[in-house]
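Undergrad: Got a structure for you, questions after.
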Ligand code: CS2
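Residue numbers (the working numbering): 171 to 644.
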């Protein structure tokens, strides 16, 4: 697939790309970003028994940026996936996306959710977007939830929503509640909601966010969702940094197509799922997905070892002057902190079949991939939500085992130092984090810790440990 010398690259779309028939839209996704395009769409494409007659098309809605939906629409949903290994690139055009829609096109979302053919909704909306309280409890007091709840209550009459009166809700959960109410009204039957966010117990998180909100509008709607919607848990994995502009040129040279929105990802990928699909699903196992009865151990392994190491490097690595994961890992000090954190986490990853040593060895190779520029600044975003999943559980488990949990505490300490002097922050709870970070000394550490875990913040020895580690890092 390369351009003969001197020829201009062709535009990429379903007319110029050979044999790319659009499958019927049966899958819906919220959070059309690079990760979704490297993961669920790739799995769906590779799950088709007969690529000439694909059965499963995705309609995907962006999280924030509308531009990518426009660019993908111009390309009929087609884009190039660049698998970037340590030695070279493989290019593949992904054709499973049949419609790319902006986040605010809720009319189309609700129409799809009311259609009997729609079988699965997947989500990559970020950890913070679930807007849950401690222990993943539905929390109607959170400003974003309260605002959507008021909106939905105003528009609810006779067991359904007056769609014109709803407008565009802010949270993904509220968008889904309206769509599911439409599905109930249409008698379109059950479906599966599959959270693919990096949250422990992500099925429970999605259930609480959606069912909690629905029940607060009308308990009967909440009850219908409870009986009809299957919330599926997943552990997802594929390192997919933000795409850099330089790749546009290399894609054109290699494929002969001028793709405006290619995605660069690593060769490795994994998808573990657990739950029912009452309206069917693609045969994702054909592409390597694994279906299990008990997912918790897999979730923890991935969240703690991969994402935990990422967050540790994101804060500690940037403090030590590094910009990318590969750079941080090449620094013996950072590398040692990562290994120490893994040693702690590993004590609590004892389920059979996890093969933690092999997983760790593979991670070191993946992180060191010199051809993937995975920026620490990108990973550092949304720390207040991520650290709850990545540092807190290991710290708590270590303390319950009678040990201090120093390496996990160091991740939190690095975050507190990283926040010093900041007036702006890429975090869904930026206002709260900046307010807590404005203090000084132990009180500041305690206030920041309280955003991650209120009980830990009440323990003086934990506050002292984090404060001491922060002083070292400085
Ligand atoms: C990263 C993840 O940005 C982050 O928080 O830790 O996006 C990570 O790259 C993926 O989970 C890998 O599967």
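Yeah, the Cβ is synthetic: ideal placement off N, Cα and C, and Gly gets one too.
From a predicted model like this one, the values you see are computed outputs, not experimental measurements.
(1) Which class does residue 331 belong to by DSSP, given the choice of helix, strand or coil?
(2) Taking residue 675 and residue 212 to be in contact with their CB atoms under 8 angstroms, please state how far apart those CB atoms are, rounded to whole angstroms.
(3) Could you give the first and the last residue of the continuous alpha helix (DSSP H) run that contains residue 341?
(4) So, are the CB atoms of residue 267 and residue 242 less than 8 angstroms apart?
(5) Taking 7 angstroms as the cut-off, is the CB of residue 367 close to at least one heavy atom of the ligand CS2?
(6) Within the same chain, show all residues whose beta-carbon is closer than 7 angstroms to that of residue 405, passing over the 5 residues directly before and after it, in chain order.
(7) Whose C-alpha, out of 582, 437, 549, is nearest the C-alpha of residue 564?
(8) Would you report the Cα separation of residue 424 and residue 229, rounded to the nearest angstrom?
(9) Quick test of your reading: residue 623 and residue 562, contact by CB under 8 angstroms. State the CB separation rounded to the nearest angstrom.
(10) Give the DSSP bridge partners of residue 549, in chain order.
(11) DSSP beta-bridge partners for residue 227?
(12) For residue 303 and residue 309, what's the separation of their Cα atoms in angstroms?
(13) Closer than 8 angstroms is the cut-off here; do at least three beta carbon pairs connect the stretch 239-257 with the stretch 181-192?
(14) Is it right to say residue 601 is buried, meaning 16 or more other beta carbons lie within 10 angstroms of its own, or is it exposed?
(15) Check whether the stretch 423-438 touches the stretch 252-259, counting contact only when three or more Cβ pairs, one atom from each stretch, lie closer than 8 angstroms.
(16) Could you please give me the residues that DSSP links to residue 441 through a beta bridge?
(17) For the ligand CS2, is there a heavy atom less than 7 angstroms away from the beta-carbon of residue 406?
(18) Quick one: grab the DSSP three-state call for residue 495.
(19) How would you call residue 456, buried or exposed, if buried means at least 16 neighbouring beta carbons within 10 angstroms?
(20) For residue 210 versus residue 292, is the C-beta spacing smaller than 8 angstroms?
(21) What would DSSP say about residue 200, mapped onto helix, strand or coil?
(22) What are the boundary residues of the beta strand (DSSP E) that includes residue 254?
(23) The alpha helix (DSSP H) that contains residue 431, what's its start and end?
(24) Going by the C-beta, is residue 476 closer than 7 angstroms to any heavy atom of the ligand CS2?
(25) Give the straight-line distance between the Cα atoms of residue 505 and residue 546, rounded to the nearest whole angstrom.
(26) At a threshold of 7 angstroms, does residue 465 count as lining the ligand CS2 (C-beta to nearest heavy atom)?
(27) With residue 481 as the anchor, note down where its alpha helix (DSSP H) starts and where it stops.
(28) Candidates 307, 338, 334, 329: which alpha carbon is nearest residue 317's?
(29) Just checking residue 395 against the ligand CS2 - is the residue's beta carbon closer than 7 angstroms to any of the ligand's heavy atoms?
(30) Measure the CB-CB distance between residue 633 and residue 616 and report whether it falls below 8 angstroms.
(31) Kindly indicate which three-state DSSP category residue 593 falls into: helix, strand or coil?
(32) Between which residues of its own chain and residue 358 is the CB-CB distance below 7 angstroms, once the five residues before and five after are set aside?
(33) For residue 400 and residue 538, what's the separation of their Cα atoms in angstroms?
TA: In short:
(1) strand
(2) This structure cannot speak to residue 675, because the chain is shown only from 171 to 644.
(3) That residue, residue 341, is in no alpha helix (DSSP H); it is neither H nor E in DSSP.
(4) yes
(5) no
(6) 442, 465, 468, 469, 472
(7) 582
(8) 28 angstroms
(9) 5 angstroms
(10) Paired residue(s): none; residue 549 is not in a bridge.
(11) 195
(12) 5 angstroms
(13) yes
(14) exposed
(15) yes
(16) 406
(17) yes
(18) helix
(19) exposed
(20) yes
(21) strand
(22) 249-254
(23) No alpha helix (DSSP H) holds residue 431; DSSP gives it neither H nor E.
(24) yes
(25) 15 angstroms
(26) no
(27) 479-482
(28) 338
(29) no
(30) yes
(31) coil
(32) 284, 285, 286
(33) 38 angstroms
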